[in-house]
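A.B. asks: Taken in order, these protein sequences are the chains called A and B. All residue numbers for the first sequence refer to the numbering used here, where the first residue is 332 and numbers rise by one. All residue numbers for the second sequence refer to the numbering used here, where the first residue is 332 and numbers rise by one.
Protein chains: 2
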Amino acid sequence: MNGAQALFNALTNAGLDTCFANPGTSEMQLVYEMGKSDAVRPVLCLQENVVTGAADGYARMANKPAFTLLHVGSGFANGIANLHNAGRGNVPIVNIVGANATYHQPNFPEHEFIGGKITEVAGAVSHWTREARSAAEMGILGAEAVSQAMIGSGRISTLIAPTDCHWDPAPDAPQAVAPAPTSRVAGSTIASAAALLNNGRKTGILLGTHALREEGLEIAGRIAASTGAQLLAETFPARLARGEGRVEVQLVPYFLEMAQFFFAEYEQIIVVGALPPVSTFAYEGSPSHKAPPSCEISSLATPDFDVMAALADLAEAVGASDETSPRCQRVEPDQPQGVLTAAAVGQSVSLLMPEDAVLVDESATAGMDLFQQTVGARRHEYLYAIPGAAIGNGLPVALGAAVASPERKVVALQADGSGMYTNQALWSIAREECDVTIVIIKNDAYAVLNVELARVREGEPTEKMLSMLELDRPTIDWVSISKGMGIPAVSVNTAEEFHLEFEQAMAQKGPMLIEANIAQDLQPVVDLILQQKAARAEQES
Amino acid sequence: MNGAQALFNALTNAGLDTCFANPGTSEMQLVYEMGKSDAVRPVLCLQENVVTGAADGYARMANKPAFTLLHVGSGFANGIANLHNAGRGNVPIVNIVGANATYHQPNFPEHEFIGGKITEVAGAVSHWTREARSAAEMGILGAEAVSQAMIGSGRISTLIAPTDCHWDPAPDAPQAVAPAPTSRVAGSTIASAAALLNNGRKTGILLGTHALREEGLEIAGRIAASTGAQLLAETFPARLARGEGRVEVQLVPYFLEMAQFFFAEYEQIIVVGALPPVSTFAYEGSPSHKAPPSCEISSLATPDFDVMAALADLAEAVGASDETSPRCQRVEPDQPQGVLTAAAVGQSVSLLMPEDAVLVDESATAGMDLFQQTVGARRHEYLYAIPGAAIGNGLPVALGAAVASPERKVVALQADGSGMYTNQALWSIAREECDVTIVIIKNDAYAVLNVELARVREGEPTEKMLSMLELDRPTIDWVSISKGMGIPAVSVNTAEEFHLEFEQAMAQKGPMLIEANIAQDLQPVVDLILQQKAARAEQES
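Laid out in structure tokens, this is it:
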């Protein structure tokens, strides 16, 4: 047995059966092992941010990690942004990264970085990083990588595997590793939270990671019903059980100004499986925190703890009955007509999306309307594509979710600017014949930046400023791009056209892309921000 | 004045006038400054590896850096692979990367990495990395970043700029920084090299970085003519002056087995502006070095030294006359006919490419033939896209080279698998109306990996192995993709069709893409490798 075989056995013995891959020369020994075996389904992706994003989407739906196969430091680097998204969403991924032979690294061949080692780069977006130094380590490190990925709500493990560790002989011994323990929240912490819930103050329970899945929401709903607390969801949920019959939660808004309004009434927040709510960006003269200073924030469990056990313990501590807080009701809006807006897209999606679909959301500014419109859809799993706010994960997550859940319809609501980042995912979706309907929400701009520019500019934006934010010269023809990678596609301009095409997509299996040319008016958001800016300026003077 | 203005002034005062950008919220203040000014041309790119690769191509032709504008850690990460290429090619780039406000970083908002800071990630592919800690530092750090990028043959500078350092007040003082000195090679080292050149042994002068530009080759040619040494070029030259009238150099082959054959006759190698020639990858049972152990390698100047001065000093030390070693002769092959091979593409390119064109090469396995066929082309600049061997830089480099050299025709020979990595560059090429002819060398595979798999497999490859190397299910329609991003495109299948389309592309200005469906036979390379493998196995038994 050689090191590559030992590693491959360790990964498959630990239950991994799916590999998203973009291999190179240094990974050929693993390609060879995988190619000889029936134990793993390899999915080739044409750029590494598709590889890592697909592994993210897969794990969110499969509840276990896939492993990635990445080519040396630069290949890993190409996949960092979506590993960052997965890591911030506490989604488990096991990365296997080839590297130069241990003895060849000091010769500084082309793939070696000029200023540091890949271990340092990998460590920035991995909870656990190791570089094998001999073939004998390959099996045990592979098993450890899986074990470490399963801690808490999920983690990123990265094993760097130099080529000589692949081809050198390795011991035959089984390499099972006991699961790494996930910490239970202490009884005193549970009791404190229970006391807070009984103190009569206006309380929000801010849920994240596994607390937002069906089982978590059921328990949280019982706690809320018995205490009068409001259930809130983190702004960027990796997976949220949603739609008809699911316990209802309020999403914390993205924009600081809206979030401040949202939190204004709360006196205390208890965070469960999430982090305290801070603004994604700081703005000059504005606070960092979304909740007011008067609102006390306490943490029941960060995502590293056993979040489900913490919720169950809390339910018991508050003596929760079987009754839950309100559930989402099915809403059947009128079939939308006329101008194609984000809201109209949302209405058609809400009307037509089948039960137990997966809704992947990277719709950016259009998402505010889309999210509102789809709360009354049939029961579904909602995956916010980018928990780490790094754009370009929607199409990869859709690919991975479809590979994990071939029985579910996957609907990807994808903004155009973000979608271009990883358009290569279309090819893998076509190749794997995934049942994915992609809706490109096309506004020909990085529209959010028009909002953000309003915060810093004096006067109107110049043509040159807009040239750095707008995508309309030339306009991108997503139908052509999609067909170029093997996915049939149509372009629509009215609510009626969209409804018809989306209806057909829902009625069939297999990949389909709809370019939805939407009309969008973000002026109300800009106005809100400018009003607050003016108010601050007046206060200061 | 605020920090963003101080930084912008520092960059423009240092002579920078081009910015490749993909900004986000934390860079809006710089978008605003750039948008108010005439001093800088911003070029929007739809993914950061296009941004950094375009900055690479720009600097290779402009002989000064562009600056990039990148959005926080994940945006920087997306651009790492091509920064790695530029860094390994010693091409100057100045990166400006937005970051969370200094006081907001500890709140761990979404863009903060899990386990490390962006400074460590940036440091892996930058020669110089700083994070501003106050607005007062922005100007001086901007000036230093440019100065540091200009050391030696060129370096990567990265300045991380938190948002509060943009909006806080900054001093008005001018921020000029003296150029950082580039080390001269010591006289004793020159004398040693001169002595080697006179010892009567079979000698190769292995040239890299600026030694391969026109001025460098002229001096090297005089040294070669007076000493009988052979001029060699590093395998992956960032820029090589080539074609009719240029001093001829022999490129060191990529594949180890071919390189060993190439170096077999040499007794000593003197390296100038390059590194000693090692194999890109180590292989089981094979040496790391391309030259035999009996061949002595000495370094006259690494790329950090003043390479041109070293060459001039060496020419004087050996008493070189004005006579040079042989120059490339114009070769006008017959117009190719029939099956479209890489060689046929090369012949048409050689026949038709106008004088002073820029030939960007990321043709991968097809490059062996293409490089041979274009040595007799008209005078041109040859840019090997990926000095760091990280695929996906050809289209970005073509974009950047065209922005730097609007008077030159740019021809990009681009392999299909690598081209997909950064296909987004097509949009910027269309938008900037670049005079670029892109030839997609389409073989529907990561063909090099078929060669590399042969090294490790026993028996024939399985379907499953090939599924990780081949791109033919579905085949990629580059014409559709290209049109989708605004570049007219055609697909050709014969040598005659290619010749006709390429001829038309050379006769017009503006972007054009030709999908060249080539027939390729790599079996001779596989056979060579398998022969050597068998010979090693026999030796061992």
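Heads up, the beta-carbon is just placed ideally off N, CA and C, and yes, glycines get one too. Quick caveat, the model's predicted, so the values are computed rather than measured.
1) Assuming B/Phe351 is part of the beta strand (DSSP E), what are its boundary residues?
2) At a CB distance below 7 angstroms, what residues from the region 458-479 of chain A approach chain B? Give them in sequence order.
3) Anything in chain B within Cβ reach of A/Leu375, meaning under 7 angstroms, just list it in chain order.
4) A/Thr540 and A/Glu598: beta carbons closer than 9 angstroms?
5) Can you name the residues of chain B whose CB is closer than 7 angstroms to the CB of A/Glu615?
6) Can you list, in chain order, the residues of its chain with a C-beta nearer than 6 angstroms to that of A/Val770? Leave out the 5 residues immediately preceding and following it.
7) Straight-line CA distance for B/Thr356 to A/Thr611?
8) Under 8 angstroms Cβ-Cβ, which residues of chain A neighbour B/Leu606?
9) State the CB to CB distance for the pair A/Arg658 and A/Glu579, rounded to an integer number of angstroms; the pair is presumed to be in contact (CB under 8 angstroms).
10) DSSP three-state call for B/Asp387: helix, strand or coil?
11) Can you name the residues of chain A whose CB is closer than 8 angstroms to the CB of B/Met751?
12) Could one say the Cβ of B/Gly446 lies closer than 9 angstroms to chain A's Cβ atoms, at least one of them?
13) Using the three-state DSSP reduction, which class does A/Arg710 fall into: helix, strand or coil?
14) Please tell me whether A/Pro685 has its Cβ less than 9 angstroms away from any Cβ of chain B.
15) Please compile the residues from chain A whose C-beta is within a distance smaller than 8 angstroms of the C-beta of B/Thr793.
16) How is B/Phe702 classed by DSSP in three states: helix, strand or coil?
17) Report the three-state DSSP secondary structure of B/Asn421 (helix, strand or coil).
18) Quick check: the Cα distance between A/Arg867 and A/Glu783, rounded to an integer number of angstroms?
19) Assuming B/Ala417 contacts B/Thr383 (C-beta within less than 8 angstroms), just tell me the rounded distance between them.
20) Flag this pair as touching only if the region 399-411 of chain A and the region 403-422 of chain B have three or more C-beta atom pairs under 8 angstroms; answer yes or no.
21) Please specify which runs of the alpha helix (DSSP H), each continuous and at least 4 residues long, are wholly inside the region 566-606 of chain B, giving them in chain order.
22) For chain B, check one thing: does any of its Cβ atoms lie closer than 9 angstroms to the Cβ of A/Glu871?
23) Measure from the alpha carbon of B/Gly707 to the alpha carbon of each residue in B/Gly616, B/Arg577, B/Ala385, then state which is nearest.
24) Going by the DSSP bridge assignment, what does A/Glu846 pair with across the sheet?
25) First and last residue of the beta strand (DSSP E) that includes B/Thr489?
26) At the level of alpha carbons, what is the spacing between A/Leu414 and B/Glu443?
27) Does any C-beta atom of chain B lie closer than 9 angstroms to the C-beta of A/Lys814?
28) B/Val787 touches chain A at which residues, Cβ-Cβ below 9 angstroms?
29) Within the same chain, show all residues whose beta-carbon is closer than 8 angstroms to that of A/Trp498, passing over the 5 residues directly before and after it, in chain order.
30) Note down, in chain order, all residues in the region 549-567 of chain B with a beta-carbon under 7 angstroms from any beta-carbon belonging to chain A.
31) Rounding to the nearest angstrom, what Cα-Cα distance links A/Leu701 and A/His458 in this structure?
32) A/Ser719 touches chain B at which residues, Cβ-Cβ below 8 angstroms?
33) Using the beta-carbon of each residue, which ones in chain B are nearer than 7 angstroms to A/Ala432?
34) What are the residues that DSSP puts in a beta bridge with B/Gln668?
35) Could you pull the start and end residues of the alpha helix (DSSP H) that A/Gly535 belongs to?
36) Quick one: Cα of A/Glu546 to Cα of A/Ser629, how far?
C.D. replies: According to the structure data:
1) By one-based count along the second sequence, residue 351 of chain B stands at place 20. That run of the beta strand (DSSP E) goes 349-353.
2) His458
3) Here residue 375 of chain A corresponds to residue number 44 of the first sequence, with the count starting at 1. Neighbours of A/Leu375 on chain B, chain order: Ser798, Met799.
4) As a first step, residue 540 of chain A is located in the first sequence; it is residue number 209 there, counting from the start. As a first step, residue 598 of chain A is located in the first sequence; it is residue number 267 there, counting from the start. No, these two residues do not count as a Cβ contact at 9 angstroms.
5) Locating residue 615 of chain A in the first sequence gives position 284, where the first residue counts as 1. What A/Glu615 touches in chain B: Trp498.
6) Your numbering for residue 770 of chain A matches position 439 in the first sequence. Excluding positions up to five away in sequence, the list reads Leu744, Ile845, Ala847.
7) By one-based count along the second sequence, residue 356 of chain B stands at place 25. By one-based count along the first sequence, residue 611 of chain A stands at place 280. If you take the alpha carbons of B/Thr356 and A/Thr611, they lie about 10 angstroms apart.
8) Mapped onto the second sequence, residue 606 of chain B falls at position 275. Those within 8 angstroms of B/Leu606 in chain A are Phe439.
9) To locate residue 658 of chain A, count along the first sequence from 1; it is residue 327. To locate residue 579 of chain A, count along the first sequence from 1; it is residue 248. Indeed, because the Cβ distance is near 6 angstroms, the residues count as touching under 8 angstroms.
10) The residue labelled residue 387 of chain B in the question sits at position 56 within the second sequence. Here B/Asp387 sits in helix by DSSP.
11) The residue labelled residue 751 of chain B in the question sits at position 420 within the second sequence. The contacting residues are Leu377, Gln378, Gln755, Trp758.
12) For the purposes of this step, residue 446 of chain B is taken as the residue at position 115 of the second sequence. Yes, its Cβ sits closer than 9 angstroms to a Cβ of chain A.
13) Your numbering for residue 710 of chain A matches position 379 in the first sequence. Residue state, collapsed to three classes: coil.
14) Indexing the first sequence from 1 puts residue 685 of chain A at position 354. For A/Pro685, the answer is no, since every Cβ of chain B falls outside 9 angstroms of its Cβ.
15) On the second sequence, position 462 is the one that residue 793 of chain B refers to. Here the neighbours are Gly366, Lys367.
16) For the purposes of this step, residue 702 of chain B is identified with residue 371 of the second sequence, where counting begins at 1. In the structure shown, B/Phe702 sits in a helix (DSSP, three-state: H, G or I).
17) Here residue 421 of chain B refers to the residue found at position 90 of the second sequence. The answer is coil: DSSP assigns B/Asn421 none of H, G, I, E or B.
18) Taking the first residue of the first sequence as position 1, residue 867 of chain A is located at position 536. Taking the first residue of the first sequence as position 1, residue 783 of chain A is located at position 452. Spanning the two alpha carbons is a distance of roughly 17 angstroms.
19) Indexing the second sequence from 1 puts residue 417 of chain B at position 86. Indexing the second sequence from 1 puts residue 383 of chain B at position 52. That belief holds up - the Cβ atoms of B/Ala417 and B/Thr383 are roughly 7 angstroms apart, short of 8 angstroms.
20) yes
21) 587-594
22) If you number the first sequence from 1, residue 871 of chain A lands on position 540. Closer than 9 angstroms: no.
23) In the second sequence, counting from the first residue as 1, residue 707 of chain B sits at position 376. Selected option, being the one with the closest Cα: B/Arg577.
24) The residue you call residue 846 of chain A lines up with position 515 of the first sequence. A/Ile771, A/Ser822.
25) Along the second sequence, one-based indexing puts residue 489 of chain B at 158. Taken as a continuous stretch (DSSP letters only), the beta strand (DSSP E) holding B/Thr489 covers 487-493.
26) Taking the first sequence and counting its residues from 1, one reaches residue 414 of chain A at position 83. Taking the second sequence and counting its residues from 1, one reaches residue 443 of chain B at position 112. In a straight line, the C-alpha of A/Leu414 is about 12 angstroms away from that of B/Glu443.
27) On the first sequence, residue 814 of chain A is found 483 positions in, with the first residue counted as 1. Taking Cβ atoms only, chain B reaches closer than 9 angstroms to A/Lys814, which makes this a yes.
28) Here residue 787 of chain B refers to the residue found at position 456 of the second sequence. Chain A residues near B/Val787: Ala335, Met359, Gln360, Val362, Tyr363, His497, Trp498.
29) Indexing the first sequence from 1 puts residue 498 of chain A at position 167. Here the set comprises Asn333, Gly334, Ala335, Gln360, Ala466.
30) Phe567
31) Here the question's residue 701 of chain A lines up with position 370 in the first sequence. Here the question's residue 458 of chain A lines up with position 127 in the first sequence. Rounded to the nearest angstrom, the two C-alpha atoms are 33 angstroms apart.
32) What you label residue 719 of chain A is simply residue 388 of the first sequence in a count that begins at 1. In the sequence as displayed, the identity of residue 719 of chain A is Gly instead of Ser. Here the neighbours are Ser405, Glu441, His442.
33) Taking the first sequence and counting its residues from 1, the one referred to as residue 432 of chain A is at position 101. Residues of chain B passing the Cβ test: Ala613.
34) Taking the second sequence and counting its residues from 1, the one referred to as residue 668 of chain B is at position 337. Answer is none; B/Gln668 lacks a bridge partner.
35) Position 204 of the first sequence holds residue 535 of chain A. That residue, A/Gly535, is in no alpha helix (DSSP H); its beta strand (DSSP E) goes 534-538.
36) Taking the first sequence and counting its residues from 1, the one referred to as residue 546 of chain A is at position 215. Taking the first sequence and counting its residues from 1, the one referred to as residue 629 of chain A is at position 298. Near 23 angstroms, if we compare the C-alpha coordinates of A/Ser629 and A/Glu546.
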